[in-house]
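K.L.:
Dropping the structure in here first, questions after.
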Amino acid sequence: MKKFALRNLVLLLCLMVVISFTGCASEAKKAMDESVDTANELLEKDAEPFDAETETTLEKAVKTSEEAEDDDAYKKVKKDIDNAIKAYQDSVKQQKQVTEPKEKFLVERAKTVKSVTAVEAATEKTDANTLMNKKGGYYAYVAMKSSLIEDYGEGESPVEAGTEGGAVIEAFHSAKDAEARDAYLSGFDGAGMLSPGSHRVVGTLVIRTSDELSASDQKKLENRIVDALIKLE
């Protein structure tokens, strides 16, 4: 009888040890699964990130959860997923900042761009392109003079100097309209005095830099403007 009781006690202790270990593993797996659920919910919303690679990275991180088999793996995968979630969410926020932003936001961010010495928003009366608020046209035109161009437009306001004075941001209500504008400008690339300078679609914006700049300075100024627009605060 005593042997039977002792054997049962040993079995009970073994069972408690097994439950203890599996319980720890289950908590780690539960935490990982919660991160997986959060990630899948975000991905199902089909939001647009500024950097598409953040979405791909998140999808891959979720996929690795299927291969995790122990406590250490669960914890590592959870950490990777949580980091990917943060990067993806930040990128979605950045995309929203360049999708139909207010003119005030564009002006404020333009003023923070290195080498930009003056910023001005055009009105319907001062818009030389006469596109403002027209169908398919931009609703905001923010001009920037840059110290990268020493002599051009001296004595002129940023709007008067236009793209040639440094750079401009043209804001549209849709990416389709921004892309149509970009395609139109492409028709004048390399056209001498009519060359529009560099131009790039970012969200619903067209960012243009002066043809007076070298190619490397165009890219430098363009990147500085983009960085200022997507900066999260």
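Take 641 as the starting number for the sequence shown in the numbering used here and just add one per residue.
We put the beta carbon where it would ideally sit given N, CA and C, even for glycine.
Owing to the predicted nature of the structure, the values given are computational and were not obtained by experimental measurement.
Use the C-beta contact count for D851: other C-beta atoms within 10 angstroms, 16 or more gives buried, fewer gives exposed.
P.N.:
By 1-based counting over the sequence shown, the position of residue 851 is 211. By the neighbour-count rule (16 or more Cβ atoms within 10 Å), D851 is buried.
K.L.:
If V759 and K765 are in contact, beta carbons under 8 Å, what's the gap, nearest whole angstrom?
P.N.:
The residue given as residue 759 occupies position 119 in the sequence shown. The residue given as residue 765 occupies position 125 in the sequence shown. No, V759 and K765 are not in contact; Cβ-Cβ is about 18 Å, not under 8 Å.
K.L.:
I want to know whether the region 720-731 touches the region 691-700 - three or more CB-CB distances under 8 Å.
P.N.:
Taking a cut-off of 8 Å for Cβ pairs, the region 720-731 and the region 691-700 touch, as three or more such pairs fall below it.
K.L.:
Nearest-angstrom Cα distance between I865 and V676?
P.N.:
As a working mapping, residue 865 is identified with position 225 in the sequence shown. As a working mapping, residue 676 is identified with position 36 in the sequence shown. Each residue's alpha carbon lies about 35 Å from the other.
K.L.:
For V657, which residues from the same chain have a beta carbon less than 7 Å from its beta carbon, with the 5 sequence-adjacent residues on both sides left out?
P.N.:
On the sequence shown, position 17 is the one that residue 657 refers to. Its pLDDT being 46, under 50, V657 is placed unreliably by the model, and the measurement read from it follows with that caveat. Around V657: no qualifying Cβ.
K.L.:
Using 8 Å as the Cβ pair cut-off and three pairs as the minimum, do the region 706-720 and the region 730-747 touch?
P.N.:
Output reads no: the region 730-747 does not touch the region 706-720.
K.L.:
Would R749 and A868 be called neighbours here (beta carbons separated by less than 8 Å)?
P.N.:
As a working note, residue 749 is residue 109 in the sequence shown. As a working note, residue 868 is residue 228 in the sequence shown. Result yes, Cβ atoms of R749 and A868 sit closer than 8 Å.
K.L.:
Give me whichever residues DSSP pairs with M672 in a beta bridge.
P.N.:
Working through the sequence shown from its first residue, we reach residue 672 at position 32. M672 pairs with nothing; no bridge assigned.
K.L.:
Hey, quick one: how far does the beta strand (DSSP E) through K785 stretch, first residue to last?
P.N.:
For this step, residue 785 is matched to residue 145 along the sequence shown. Taken as a continuous stretch (DSSP letters only), the beta strand (DSSP E) holding K785 covers 780-786.
K.L.:
Cα-Cα, which of E873, A668, I721 is closest to E709?
P.N.:
The sequence position of residue 709 within the sequence shown is 69, counting from 1. Looking at the Cα atoms, A668 is the closest of the given residues.
K.L.:
Please work out which residues of its chain come closer than 6 Å, Cβ to Cβ, to D720, disregarding the five sequence neighbours upstream and downstream, and give them in chain order.
P.N.:
For the purposes of this step, residue 720 is taken as residue 80 along the sequence shown, with counting starting at 1. Annotation for D720: A701 place their beta carbon closer than 6 Å to its own, counting only its chain and skipping 5 residues before and after.
K.L.:
Of all the options D767, K774, K816, Y779, which has the alpha carbon lying nearest to the alpha carbon of A877?
P.N.:
Outside the modelled stretch of the chain, which goes from 641 to 873, sits residue 877, for which no answer is possible.
K.L.:
Might you give, ordered along the chain, the residues of its own chain that have their beta carbon closer than 8 Å to the beta carbon of P836, omitting 5 neighbours on each side?
P.N.:
Translated into the one-based positions of the sequence shown, residue 836 becomes position 196. Within the same chain, P836 has close Cβ partners T803, L825, F828, D829, R848, D851.
K.L.:
Could you pull out every residue in the same chain whose Cβ sits closer than 7 Å to the Cβ of I870, ignoring the five residues on either side in sequence?
P.N.:
Along the sequence shown, one-based indexing puts residue 870 at 230. For I870, where only same-chain residues beyond five positions count, the Cβ hits under 7 Å are F690, Q734, Q737, V738.
K.L.:
Identify whether I789 lies in helix, strand or coil by the three-state DSSP scheme.
P.N.:
Along the sequence shown, one-based indexing puts residue 789 at 149. Coil.
K.L.:
According to DSSP, simplified to helix, strand and coil, what is L746?
P.N.:
By 1-based counting over the sequence shown, the position of residue 746 is 106. In this structure, L746 counts as helix in the three-state DSSP scheme.
K.L.:
Using alpha carbons as the reference points, say which of V732, D711, M672, L771 lies closest to D722.
P.N.:
The residue you call residue 722 lines up with position 82 of the sequence shown. D722 has its Cα closest to that of M672, out of V732, D711, M672, L771.
K.L.:
Starting from T849, follow its DSSP beta bridges and name the residues at the other end.
P.N.:
By one-based count along the sequence shown, residue 849 stands at place 209. A807, S838, per the DSSP bridge assignment.
K.L.:
By alpha-carbon positions, which one of F812, A783, S787 ends up nearest to K774?
P.N.:
Taking the first residue of the sequence shown as 1, we reach residue 774 at position 134. Comparing Cα-Cα distances from K774 to each of F812, A783, S787, the minimum goes to F812.
K.L.:
Taking the beta carbon of S786 as the centre, do at least 16 other beta carbons fall within 10 Å, making it buried, or is it exposed?
P.N.:
Translated into the one-based positions of the sequence shown, residue 786 becomes position 146. Classification for S786: buried.
K.L.:
Going by the DSSP bridge assignment, what does A758 pair with across the sheet?
P.N.:
Mapped onto the sequence shown, residue 758 falls at position 118. DSSP lists K785 as partners of A758.
K.L.:
Hey, V808 and V782: beta-carbon distance below 8 Å or not?
P.N.:
Here residue 808 refers to the residue found at position 168 when the sequence shown is read from its first residue. Here residue 782 refers to the residue found at position 142 when the sequence shown is read from its first residue. It is a contact, given that the beta carbons lie within the stated cut-off.
K.L.:
K670 to V732, Cα distance in whole Å?
P.N.:
What you label residue 670 is simply residue 30 of the sequence shown in a count that begins at 1. What you label residue 732 is simply residue 92 of the sequence shown in a count that begins at 1. Roughly 27 Å separates the two Cα atoms.
K.L.:
With DSSP as the reference, label S666 as helix, strand or coil.
P.N.:
Position 26 of the sequence shown, counted from the first residue, corresponds to residue 666. In the structure shown, S666 sits in a helix (DSSP, three-state: H, G or I).
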